[in-house]
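In my numbering, the protein residues as written are 1128 to 1528.
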C-alpha cells in the first residue's frame, strides 16, 4: 500500500452487462465514480471485453476496463439453453478473478467489489471468482433493485450469499437497495440488514441544458426509454390509436414523445388522436437532459406488480427536474407522490379518454406545480452524489469496527 493511498479503498464497479448502453447503467456508474472520487477513493469499472457479439457503445469513460467475458447470461432461451449458461457463468467468474490477480495490483489495499443490477447467474460468477483469489482485503457490496424474493430463483440468492460470506472477513459482505419497501421485503426474506442508498445520477441543472427546439404551446408528454411491456408499452400503443373527444381542445395540444422502436403511428391533422413525435432509442446524456428539459409531463404507466417495491430512476430524475410524472397506482412511485398529496398524478382512469383528460387537467393545474417544488427540494436533499458518497463512507467505516 502506498502512502498516497493512505488506507483508502479501491472501489470497483463490476458491470457484467452494459445492456447495449440503454437504461441507467452508464450514467449511474459515472455518478458512482464522481461520488467515490470526492472521498479520495480510487474508482475502477470492469466491463465486458469488446467482441463482435456485443454492440458498440460510444463515449464510455476512458478508465473503464473491458476485461470481462462478453457473455449475456440474461438472454432469453429454453431451459436447456439456460442450463448451458452455467459454463459461461463459470468463465465469467474466471475473468473476474484474473483481473484481481494481475501483476502490479496492490492486493493489500482494501478493495470493494460493487455489483448492482444482476441476476443469480452473475452473482454465481462473482462467487466463483472469490473462490479463485485471496479475499483477506476484499469486500463485496450487493445492491438489489428488484424483488428477487418473488423470483423462482430466490433460493439461489440465499445460497450464494452464504457461499460468498464464507470467503470474506466478518462484515465484509454488505447489502444495499434504493427503495424502502424493497428494503423491508428483502430484509424479511433474507434475514439480513440492508442499507437504503440515494440515487446518485441526479445532477440536474436546467440552465445548463441547451434547448434547441422552440418552446411551443404543446403539452409534451415523454415516455422515456426503449419500449418494454413492464413500462406500459401496451398502454402507450393504445393511447396512440385512441380517438379523442374534444379534438380541437385536446388533440392539437398534446404531443406524445417516444422512442422510434415503439412503432407508434404519427398522426395527421385530420385524425382525432394526439400528436406523436419519435426520437432515437439511445440518447446521450446531453440528449436525455434536453428532452427532460423540454417535456412538461413524464409518462410512467409502469406495471404495478413489477414496480410495487422497486424504484424508478427516471421518476426520481423527473421530480428533481421539477417535471410532472404520471404514474400507475399501487407502485413505489405512487406511494412517493401520496406523501406529498399528489394523488392527482396517479393514473386512475380505465379508458384512454380518461387518461388524456387527466393529462390535460394536471398540465393546467398550478397547484400541482407548487407541490412538485416541495417534493423536488426533499428529493434534491437526499438523491445526490454528495449524499451517496457519505452513505458509502458510513458503510465502509462500519466494516472497520
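Every residue gets a Cβ at the ideal spot worked out from N, C-alpha and C, and that includes glycine.
In this text, all values refer to a predicted model and were calculated from it rather than measured experimentally.
Only counting the same chain, and skipping five residues up and downstream in sequence, which positions put a Cβ closer than 6 Å to that of residue i?
i	result
residue 1283	1247
residue 1228	1260
residue 1141	1173, 1240 and 1242
residue 1254	1287, 1290 and 1291
residue 1151	1440
Check the Cβ-Cβ distances between residue i and every residue of chain B, and say whether any is below 8 Å.
i	result
residue 1449	Looking for chain B here will not work: only one protein chain is present.
Go through its chain and collect everything with a Cβ distance to residue i's Cβ below 7 Å, but skip five positions before and after it.
i	result
residue 1437	1272, 1273, 1274, 1306, 1309 and 1459
residue 1256	1220, 1223 and 1224
residue 1154	1328 and 1412
residue 1524	none
residue 1226	1173 and 1194
residue 1503	1446, 1447 and 1449
residue 1313	1271, 1276, 1304 and 1321
What does DSSP give as the partner residue(s) for residue i in the beta ladder?
i	result
residue 1385	1405
residue 1269	1242 and 1302
residue 1138	1170 and 1239
residue 1192	1173
residue 1323	1304
residue 1483	Residue 1483 is not bridged to any residue.
residue 1425	1349 and 1452
residue 1474	1455
Using CA atoms only, rank isn't needed, just tell me which of the options is closest to residue i.
i	options	result
residue 1345	1450, 1514 and 1383	1383
residue 1145	1158, 1175, 1319 and 1138	1175
residue 1496	1278, 1418 and 1445	1445
residue 1448	1295, 1313 and 1506	1506
residue 1379	1402, 1365, 1393 and 1360	1402
residue 1158	1526, 1515, 1361 and 1258	1515
residue 1199	1243, 1231 and 1209	1209
residue 1088	1368, 1431, 1252 and 1171	What the structure shows of the chain is the stretch from 1128 to 1528, and residue 1088 is not part of that stretch, so it cannot be assessed.
residue 1474	1467, 1466 and 1483	1483
residue 1493	1471, 1512, 1513 and 1508	1471
For residue i, I'd like the list of residues in its chain whose CB is within less than 8 Å of its CB, leaving aside the five on either flank, ordered along the chain.
i	result
residue 1522	1268, 1301, 1303 and 1322
residue 1363	1350, 1354, 1383, 1385, 1389, 1391, 1426 and 1428
residue 1281	1275 and 1316
residue 1359	1350, 1426, 1427, 1428, 1429, 1430 and 1455
residue 1186	1411
residue 1500	1449
residue 1476	1482, 1484 and 1485
Hey, residue i and residue j are a contact pair by Cβ (cut 8 Å); roughly how many whole angstroms apart?
i	j	result
residue 1450	residue 1469	Wrong, their Cβ atoms sit about 12 Å apart, outside the cutoff.
residue 1193	residue 1168	Not confirmed; about 22 Å, so no contact.
residue 1464	residue 1424	Incorrect: roughly 13 Å between the Cβ atoms, too far for contact.
residue 1181	residue 1197	5 Å
residue 1479	residue 1366	6 Å
residue 1510	residue 1325	5 Å
### Task
Would you check if there are 3 or more beta carbon pairs closer than 8 Å linking the region 1407-1423 to the region 1454-1468?
no
### Query
Does the region 1204-1212 come within contact of the region 1236-1246, defined as at least 3 CB pairs closer than 8 Å?
no
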